[in-house]
Amino acid sequence: MPGASGAWNFIDAANDSASEAAVPYFKEIFDYARTLDPQHRPLTYTNLMMAAAGKDKCHQFADVICLNRYYGWYMQGGYQLIGAKKAFIDEMNQWMNTEPNKPFLFTEYGADTDAGAHKLPSVQWSEEYQCEYLTMQHEVFDMFEAVVGEQVWNLCDFQTGEGIMRVDGNKKGVFTRDRQPKAAAYVLKERWETK
Numbered sequence: 749m750p751g752a753s754g755a756w757n758f759i760d761a762a763n764d765s766a767s768e769a770a771v772p773y774f775k776e777i778f779d780y781a782r783t784l785d786p787q788h789r790p791l792t793y794t795n796l797m798m799a800a801a802g803k804d805k806c807h808q809f810a811d812v813i814c815l816n817r818y819y820g821w822y823m824q825g826g827y828q829l830i831g832a833k834k835a836f837i838d839e840m841n842q843w844m845n846t847e848p849n850k851p852f853l854f855t856e857y858g859a860d861t862d863a864g865a866h867k868l869p870s871v872q873w874s875e876e877y878q879c880e881y882l883t884m885q886h887e888v889f890d891m892f893e894a895v896v897g898e899q900v901w902n903l904c905d906f907q908t909g910e911g912i913m914r915v916d917g918n919k920k921g922v923f924t925r926d927r928q929p930k931a932a933a934y935v936l937k938e939r940w941e942t943k
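Quick note, this note's numbering runs 748 ahead of the 1-based positions in the sequence shown.
Structure follows, in structure tokens:
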């Protein structure tokens, strides 16, 4: 991949890559795509948490392993953040054993936050929790040399359909819908300025 400019991502948030039935489908897509790109750019797909290390059946076709991970939010959230970190590290160790020579890119990670909500000790939906969550994720990323990039979900809050999982939209942004920074924006600013 040296000198590669960009990559092709064929499937976003694949929820069936843990199925044996997905293997021929993924193989056909990746094999065909390789014939179409004269620049031979890296190929990938985005893996969801349901297809964790040891369960995913299609990772062998990708040149870069892209992961959406929400340890500490959808899994083991709130007071379980320490346990979430351990579970995340355990999964990454499994990935390192499974794909020791491939780069890893985190394509989504984040925690919903109600802008202006403050609570000590922190609780889910507070600005303090979003900061603690991001810090935990970054600590895990930094433990593994194979992690070559990260993309927080999301830059700004945005409107979604109504439902009990989303209170007036997706609030995982580090900025509000009207582009005002939450405390998490400064966590990312510090990370990016010192990395």
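Don't be surprised by glycine CBs; every beta carbon is placed ideally from N, CA and C.
Note that the structure is predicted; figures quoted are calculated from it, not measured.
Which partner residues does residue i have in the DSSP bridge list?
i, result
"GLY911", "ARG914"
"THR794", "CYS814"
"ASN757", "THR792"
"VAL895", "PHE852"
"PHE726", "In the structure displayed, the chain extends from 749 to 943; residue 726 sits before or after that span and is not available."
"ALA762", "ASN795"
Beta-carbon separation of residue i and residue j under 8 Å?
i, j, result
"TRP821", "GLU856", "no"
"PRO851", "VAL915", "no"
"HIS719", "SER874", "This structure cannot speak to residue 719, because the chain is shown only from 749 to 943."
"MET798", "ALA770", "no"
"GLU839", "LYS805", "no"
"ASN841", "CYS814", "no"
"MET844", "PHE892", "yes"
"PHE778", "LEU791", "yes"
In the DSSP assignment, find the alpha helix (DSSP H) that holds residue i and state where it starts and stops.
i, result
"GLU856", "Segment 852-856 is the beta strand (DSSP E) holding GLU856; no alpha helix (DSSP H) there."
"LEU936", "931-942"
What did DSSP end up calling residue i once you bin it into helix, strand or coil?
i, result
"PRO772", "helix"
"TYR819", "strand"
"TRP843", "helix"
### Query
Counting pairs of beta carbons, one from the region 878-892 and one from the region 767-787, are three or more of them closer than 8 Å?
no
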